[in-house]
Amino acid sequence: RKKVTLNTLHTLHASHTPITMVTAYDYPTAIACSSSPLTDITLVGDSLAQVCLGLPSTTQLTLDDMIHHARAVSRGSTHPFLIADMPFGSYHVSTERTLANAIRLVQEAHIEGVKLEGGAEIAPLVRKLVEIGIPVMGHVGLLPQRHTSLSGYKVQGRSLDSARRLMKDALALQEAGAFSMVVEAVPKELGKFMTEKLKIPTIGIGAGPWTSGQVLVIDDLLGTWSGHKAKFVRRFANVKEARDAGIHKYVEAVRNGSFPDPETESYTIDPREWERFL
Ligand code: KIV
Ligand code: NA
Numbered sequence: 044r045k046k047v048t049l050n051t052l053h054t055l056h057a058s059h060t061p062i063t064m065v066t067a068y069d070y071p072t073a074i075a076c077s078s079s080p081l082t083d084i085t086l087v088g089d090s091l092a093q094v095c096l097g098l099p100s101t102t103q104l105t106l107d108d109m110i111h112h113a114r115a116v117s118r119g120s121t122h123p124f125l126i127a128d129m130p131f132g133s134y135h136v137s138t139e140r141t142l143a144n145a146i147r148l149v150q151e152a153h154i155e156g157v158k159l160e161g162g163a164e165i166a167p168l169v170r171k172l173v174e175i176g177i178p179v180m181g182h183v184g185l186l187p188q189r190h191t192s193l194s195g196y197k198v199q200g201r202s203l204d205s206a207r208r209l210m211k212d213a214l215a216l217q218e219a220g221a222f223s224m225v226v227e228a229v230p231k232e233l234g235k236f237m238t239e240k241l242k243i244p245t246i247g248i249g250a251g252p253w254t255s256g257q258v259l260v261i262d263d264l265l266g267t268w269s270g271h272k273a274k275f276v277r278r279f280a281n282v283k284e285a286r287d288a289g290i291h292k293y294v295e296a297v298r299n300g301s302f303p304d305p306e307t308e309s310y311t312i313d314p315r316e317w318e319r320f321l
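Note that the sequence shown covers residues 44 to 321 in the UniProt record's numbering.
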């Protein structure tokens with residue numbers, strides 16, 4: 044398959060082919076997402092904070108943290124369209140600093156596009172980024188970077204006002220030039236409505252089955268940890284079980300002397316050399 048570009052995503056959307064997106068935070072995962080059948084978009088999500096760095100929320104993640112991981116991902120990423128979240132604080136101070144920070148992600152981490160959380164209020168920033176040639180993915184609905192002011196991680200768009208505001212935000216982002224947007228934790232009816240009204244593809248997470256594509260956090264879908272599992276997560280594998288069992292067996296084998304095997308898992312020296320050495 045060929046490298047996924049904005050054109051590829053447009054073609055997938057036009058032909059109603061669901062767009063697949065998954066997060067990656069390191070080199071091996073980027074390689075996995077780049078092997079057949081590859082995902083369309085690899086996202087270095089700021090969920091990096093919780094699932095990889097052990098931070099309590101995404102608001103503690105710095106731009107330097109993100110760049111460090113995005114660099115590793117880009118080294119392993121070949122075909123998928125590669126985007127990174129702009130961390131909390133990296134697009135909230137000024138337009139100048141937003142542009143400079145997005146440029147750092149492109150130049151230092153080699154990502155192709157950025158994702159920003161927010162609605163109409165960030166539309167001018169989205170426009171600026173798009174104008175200088177950095178593709179932008181929007182992110183509406185539940186905005187984890189605002190979990191404090193939202194009093195937690197809650198489904199959005201459940202009231203008339205909230206649903207209307209969400210739709211307005213989505214249209215503002217599309218108007219500003221976003222090439223796509225993540226729609227997180229909204230009723231499936233709203234996910235479908237937004238997908239029908241927007242010209243650009245919606246990538247849902249907890250937004251029902253009728254969005255233009257789906258995204259999941261890699262650790263959620265692989266089951267690499269046993270933290271909180273949201274309603275919208277499906278575990279497609281149980282890597283935690285396999286990993287824990289592997290570590291357990293290794294420890295056991297070292298303790299009972301069965302690892303390493305002297306014949307097959309050890310090096311040897313010519314006996315005559317060894318005699319001279321002694
Ligand atoms: O940070 C992240 O992983 C995300 C996706 C879940 C959309 O923003
Ligand atoms: Na994110």
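By construction, the Cβ of each residue, glycine as well, lies at the ideal position given by its N, Cα and C atoms.
Computed from a predicted structure; not experimentally measured.
Original post:
What number of angstroms, rounded off, separates the C-alpha of E160 from the C-alpha of L265?
Top reply: 25 Å
**OP:** List the DSSP bridge partners of L125.
**Re:** T85
**OP:** May I ask you to report which of helix, strand or coil DSSP gives L193?
**Re:** coil
**OP:** Indicate whether I126 and L86 have their beta-carbon atoms separated by less than 7 Å.
**Re:** yes
Original post:
Mapping DSSP to helix, strand and coil, what is H271?
Top reply: coil
Original post:
Would you call the CB atoms of T66 and I246 closer than 7 Å?
Top reply: no
**OP:** Within its chain, find whatever has a CB closer than 6 Å to the CB of L186; leave out the 5 residues flanking it on each side and keep chain order.
**Re:** E160
**OP:** Compute the distance between the beta-carbons of F236 and L49, then report whether it is under 7 Å.
**Re:** no
Original post:
Is V173 helix, strand or coil by DSSP?
Top reply: helix
**OP:** May I have the straight-line CA-CA distance separating D69 from R319, to the nearest angstrom?
**Re:** 48 Å
Original post:
In three-state terms, what does DSSP make of Q199?
Top reply: coil
Subject >> N- and C-terminal bounds of the beta strand (DSSP E) containing T259 >> reply: It should be pointed out that residue 259 corresponds to Leu in this sequence rather than to Thr. First-last of the beta strand (DSSP E) with L259: G256 to L259.
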